[in-house]
Amino acid sequence: MHLASLLTVASFSTGSLAWPKYFSQQDEMSVQTSSGLIHGTKDSKYPNVRQFLGIPFAQPPTGSLRFEPPQALPASASKKVINNTQLPPSCMQYLNTESPGVYVDQILEFGLQGLNRTGSISEDCLTLSVWTPTSNNNHSCRSSELLPVEIWIYGGGFSTGGQDVPYQIPSQWVERTQDHIVVSINYRVNIFGFPNAAGLSDQNVGLLDQRAAVEWIRDNIVRFGGDPSRMLLWGQSAGSISVDYYNYAYPKDPIVSAFSMDSGTAFSVIQSVDTQHTNFTFVASQLGCANSSSPQAELACIRKVPAKDIEDFVANYQINGTSPGISFLPIPDEKVVFSNYTSRALAGNQANIPAIIGTNAQDGVPFAPYSPSGPNATLAQLALLRTFFCPATESIRLRQLTNRPTYRYVYSGNFSNIAPAPWLGAYHSSELPLLFGTYDNFRGAGPVLEGQTSVAMQDAWVAFTKDGMQGIESTGWQEYEVLGENTVRDFGDGVAVKDTDLKYLEGLCDGSMPNYSA
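Numbering (our numbering), first residue to last: 12 to 529.
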């Protein structure tokens, strides 16, 4: 048995949840956790998948806990019974439907509930959901029967996202493989996740939510049949940036065994520069909480303001484009977000575990000025290079210098059921329906190649989670070499998978990108 699995099982025998009692008392659809007895459900469309929805992993961040780091649940939580049949509410957020764009006018399935609105949101949102095969019925803790675990962190610019995004629900993937578990977590976003208030000692509480969720999974996943020694932390866009932030924040104790970063790394420039806390102070003043002499009084006041009032004000102000603009994003605190990732990498301050890092061929399309007939190609290419491709190249270069194994990919598929306008191509996020297996849910079946590409990608990610370097290389995917020959996995470009190189694009990064060392 893997050491982490042994330690986890051993911990059961020392507390109130002694593992022999646990395994003897639960049935297939009930799992005892530190958060309570969780009753699962099945979707009739996917009868071989058990889903356990809306499990709290921390106390509700409300009242005096608003804007604070996540707080552990009390021991008494284990006595609760949780019987959720729907995906949980997402954290407080808003969706800008006033400004035209790819995700407003072309593709809604990356929004909460697939709608042009925010769906179900709540300040009480620190929950996660687990999808696990029915064939893995939890009644044994033998390591040979524990499954690898993929922990999903959604994107959304640190402003939106949740578990109920139609393209990102893993039931179909787990139904197909019967060989892995997926956990999707919530974390706070926008002002609630990244308040940057003068009275706080921790500003990036949304990132701390992610760590708290990973710790909960480490401590409880064996009860769902998962292997805590084989866990992949996987994110896309802001979720991918989060994974790399995590990589640098916890180099000695990553908990997980591998990373996957889809379209975003710590070198993607999406950080707050508001070192004077003016954004938070402005919002507080507009909600009747102005107090320039006491940051603590300012906080105490705004904690009493209804969450919806705060979100509505931020939404209206940002959507209207009022000047000066306000934003709430991760900010360097030298604890979980750093001001110089180059120096940290060269000093060895990143986790020494393997990673998948990739981009989409047209990642920049949604970030160029929108036109129904397609964006300016030059601006779309610039967005690709500056925001995604070149930051990925820099991350990989530094990983190579410090002997961190890395596997690079590019997704090139252009399938009309997920890219209804041909000019969308392999746009930002379009690889996710293939990984989650949801690609034909909304606009009908695509070509055979789409299904083949989906299987190739799913199997590669599962192999990586299951057996790390040995697993992924068994699929033919070799470790990446910057400026190397044919060391990149290319998915969906005429065939399901092939090898290619990216030397031309890598050459465009030289001298044209932000100063990553600043």
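Each residue gets a CB set at the ideal place from its N, CA and C atoms; glycine is no exception.
Excluding the 5 residues flanking it on each side, Ser440 has same chain C-beta neighbours closer than 6 Å at Phe121, in chain order.
Listed in chain order, the non-local C-beta contacts of Lys91 below 8 Å within the same chain comprise Ser46, Gly47, Leu48, local neighbours out to five positions each way being set aside. From the listed residues Ile313, Ser268, Leu395, the smallest Cα separation to Leu516 is found for Leu395.
Nearest Cα to Ser354 within the set Asn452, Glu405, Asn387: Glu405. Beta bridge pairing from DSSP links Arg355 with no other residue. Look at the beta carbons and you see the stretch 358-369 touching the stretch 419-433: at least three pairs across the two are nearer than 8 Å. In this structure, Ile196 keeps its C-beta atom at 8 Å or more from the C-beta atom of Trp142. Where Trp227 is concerned, the enclosing alpha helix (DSSP H) starts and stops at 216-231. Ser406 sits in a helix when the DSSP states are folded into three classes. The closest CA to that of Phe270, considering only Ser251, Phe235, Phe400, is found on Ser251. Going by DSSP, Gly237 is part of the beta strand (DSSP E) stretching over 237-247.
The C-beta distance from Pro341 to Ser283 rounds to 7 Å, short enough to fall under 8 Å. The C-alpha of Asp285 lies about 23 Å from the C-alpha of Val254.
Taking C-alpha positions only, Phe400 is separated from Leu390 by approximately 14 Å. Within the same chain, Cβ atoms closer than 7 Å to the Cβ of Gln392 are found at Gly375, the five residues on either side in sequence being excluded. The C-beta distance from Phe278 to Pro402 rounds to 4 Å, short enough to meet the 8 Å contact threshold.
The distance from the Cβ of Gln469 to that of Ala507 is about 11 Å, inconsistent with a contact at the 8 Å cut-off. A contact is defined here as three or more CB-CB pairs under 8 Å, and the stretch 471-480 fails this definition with respect to the stretch 447-458. In this structure, Ser133 is the residue among Pro58, Arg415, Ser133 with its C-alpha nearest to the C-alpha of Glu322.
Of all alpha-carbon atoms in Gly503, Pro144, Lys514, the one lying nearest the alpha-carbon of Tyr491 is that of Lys514. CA-CA distance, Pro444 to Ile281, rounds to 25 Å. If you draw a straight line from the Cα of Ser212 to the Cα of Tyr178, it is about 36 Å long. Straight-line measurement puts the Cα of Asp135 at about 23 Å from the Cα of Ala308.
Ranked by how close their Cα comes to the Cα of Val185, the residues Phe447, Asn215, Pro100 have Phe447 in first place. Here Asn215 is buried: its Cβ has 16 or more other Cβ atoms, across all protein chains shown, within 10 Å. When DSSP reads this structure, Met272 sits in a beta bridge with Gly246, Ile368.
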